[in-house]
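To start, the structure itself, in structure tokens.
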Amino acid sequence: MVRIFSSRRMRNTSPSIRPRSSAWRRLLPQLFASTDMEKNFDKWNTVKKKTNYERARFYTVREIWWCRLGVNVGTEQDGSGESFLRPVVIVRSFGSETCVVVPLTASRRQHPLRIPVGKVQQQDATALLSQIRVIDTRRLVEKVGFLNKDTFTELRKAVRRLF
């Protein structure tokens, strides 16, 4: 026997994710308006286009550089400021135009994937092993200095333990 229900009885009574009133629809853009934490992908795209036409940089392993890391997705480490810069340590060379870098931060938060590397431009720095990446050397902007041999050896050991 087939039973036919009226549309009133079949109505879904679970709370709706979509607001039904037009007043809520008008408010939604204001609720999700731009905040200070919103990432500026458009501005980064213009900087990235200019970076693409830069010359490849000459570098050596152990050097610390300001690097255009840009705006990234989710919890990936971003660059900061107008040029989206962040200091990085070059840990491996893959030819004249590609290298592996570990981004640095001034945050002192303790974590197994954060290795203190001493002072960089009068500020305590920590290497973010979880953010290791391969970059094109056109992203490198300005050399800051060298990491001392002992600290670099510890950093390389920590990178090897990751992989």
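Each residue of the sequence shown is one higher than the one before, starting from -16 at the first, in this note's numbering.
Quick reminder that beta carbons are idealized off the backbone N, C-alpha and C, glycines included.
> When burial is assigned at 16 or more other CB atoms within 10 Å of the CB, is G62 buried or exposed?
Replying inline: Walking along the sequence shown from the start, residue 62 turns up at place 79. The residue in question, G62, is buried, as its Cβ has 16 or more Cβ neighbours within 10 Å.
> Taking the C-alpha atoms as reference points, what is the distance between R121 and I115?
Replying inline: Here the question's residue 121 lines up with position 138 in the sequence shown. Here the question's residue 115 lines up with position 132 in the sequence shown. Taking the straight line joining both Cα atoms gives about 17 Å.
> Mind pulling the beta strand (DSSP E) runs of 3 or more residues that sit fully within the region 38 to 124?
Replying inline: As summarised for the region 38 to 124, the continuous beta strand (DSSP E) elements at least 3 residues long and confined to that stretch are 46 to 51, 68 to 76, 81 to 88, 97 to 103, 106 to 111 and 116 to 119, given in chain order.
> What do you get for A39, buried or exposed, if any count of 16 or more other CB atoms within 10 angstroms of its CB means buried?
Replying inline: The residue labelled residue 39 in the question sits at position 56 within the sequence shown. When all chains shown are included, A39 counts as exposed.
>> Tell me the DSSP secondary structure of S17 in three-state form.
In response: Here residue 17 refers to the residue found at position 34 of the sequence shown. Confidence at S17 is low in this model, with a pLDDT of 44, below 50, so its placement is unreliable and the value that follows should be read with caution. Looking at S17 - three-state DSSP - the assignment turns out to be coil, as it is neither helix nor strand.
> Can you name the start and end residues of the alpha helix (DSSP H) that K33 belongs to?
Replying inline: For the purposes of this step, residue 33 is taken as residue 50 along the sequence shown, with counting starting at 1. Taken as a continuous stretch (DSSP letters only), the alpha helix (DSSP H) holding K33 covers F24 to N35.
>> Cutting at 8 Å between CB atoms, please list the residues of its own chain near L14, excluding the five before and the five after it.
In response: Mapped onto the sequence shown, residue 14 falls at position 31. Unreliable positioning characterises L14 in this predicted model, as indicated by a pLDDT of 49, which lies under 50. The coordinate reading is nonetheless provided below. Apart from the 5 residues on each side of it in sequence, L14 has no Cβ closer than 8 Å to any other Cβ in its chain.
>> Would V74 and V117 be called neighbours here (beta carbons separated by less than 8 Å)?
In response: Numbered from 1 along the sequence shown, position 91 holds the residue referred to as residue 74. Numbered from 1 along the sequence shown, position 134 holds the residue referred to as residue 117. In this structure, V117 does not lie closer than 8 Å to V74 by Cβ.
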